[in-house]
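Asks: Under the numbering used here, the letters of the sequence shown match residues 11 to 160, in that order.
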Amino acid sequence: MSEATDDPLQRAFEAARAAAARDETPVGAAIVREGVVIAVAGNRTRELCDPTAHAEILAIRAAGAALGSERLVGCDLYVTLEPCAMCAAAISFARIRRLYFAAPDPKGGAVEHGPRFFAQPTCHHAPEVYGGLREREAATLLRDFFATKR
Numbered sequence: 011m012s013e014a015t016d017d018p019l020q021r022a023f024e025a026a027r028a029a030a031a032r033d034e035t036p037v038g039a040a041i042v043r044e045g046v047v048i049a050v051a052g053n054r055t056r057e058l059c060d061p062t063a064h065a066e067i068l069a070i071r072a073a074g075a076a077l078g079s080e081r082l083v084g085c086d087l088y089v090t091l092e093p094c095a096m097c098a099a100a101i102s103f104a105r106i107r108r109l110y111f112a113a114p115d116p117k118g119g120a121v122e123h124g125p126r127f128f129a130q131p132t133c134h135h136a137p138e139v140y141g142g143l144r145e146r147e148a149a150t151l152l153r154d155f156f157a158t159k160r
């Protein structure tokens, strides 16, 4: 387990910046339980040659290992970008209590956009969702990263 922090979203942004430094899409995630960050991850899809190695998935795996459970009851997830459908499903299956995200993702997001995963009648568990936190910072990080790719 990790140290207590007043700003888990800051830890997620640090993981996103580290992902960008590895030439990965700059998305980061942190999972908190009882005020303690128990997992932090950034995207590693290219590094691991794994399309499922999104920040949220890696953080959920690490938190599950730290807690010895596939259910992350009482845990909150902080992520720099609105989760995609795959990550939203993992959040639901893990029983994450609250989801906080920095920037919406109109193109690939699945919480407030696209399939709106948690609003589907087949969704087993829907966390409380709080979006738009530090949106400008997250959008700038992504825009700057992709500007170097063009």
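Positions of the beta carbon are idealized from the N, C-alpha and C atoms, including for glycine. Values in this document were obtained by computation on a predicted structure and should not be read as measured data.
Whole angstroms are fine: how far does the CA of Asp33 sit from the CA of Lys159?
Replies: 10 Å
Asks: Here's a check: name, in chain order, each residue in its chain whose Cβ is nearer than 7 Å to the Cβ of Arg146, leaving out the five neighbours to either side.
Replies: none
Asks: Relative to the alpha-carbon of Leu77, which residue among Phe23, Val46, Gly38 and Glu57 has its alpha-carbon at the smallest distance?
Replies: Per the Cα distances, Val46.
Asks: Mapping DSSP to helix, strand and coil, what is Glu24?
Replies: helix
Asks: Just the Cα atoms here: how many angstroms apart are His123 and Asp115?
Replies: So the two alpha carbons sit approximately 7 Å from each other.
Asks: In or out: Ser79 buried (at least 16 other Cβ within 10 Å) or exposed?
Replies: exposed
Asks: Looking only at DSSP bridge pairs, what is Ala113 linked to?
Replies: Leu91
Asks: Hey, could you find the ends of the alpha helix (DSSP H) Glu66 is sitting in?
Replies: Ala65 to Leu77
Asks: For Asp154, which of helix, strand or coil comes out of DSSP?
Replies: helix
Asks: Between which two residues does the alpha helix (DSSP H) containing Glu57 stretch?
Replies: That run of the alpha helix (DSSP H) goes Thr55 to Leu58.
Asks: On the criterion of 16 or more Cβ atoms from any shown chain inside 10 Å, does Cys59 qualify as buried, or is it exposed?
Replies: exposed
Asks: Consult DSSP for Arg146 and reduce its assignment to one of helix, strand or coil.
Replies: In the displayed model, Arg146 falls within a helix according to three-state DSSP.
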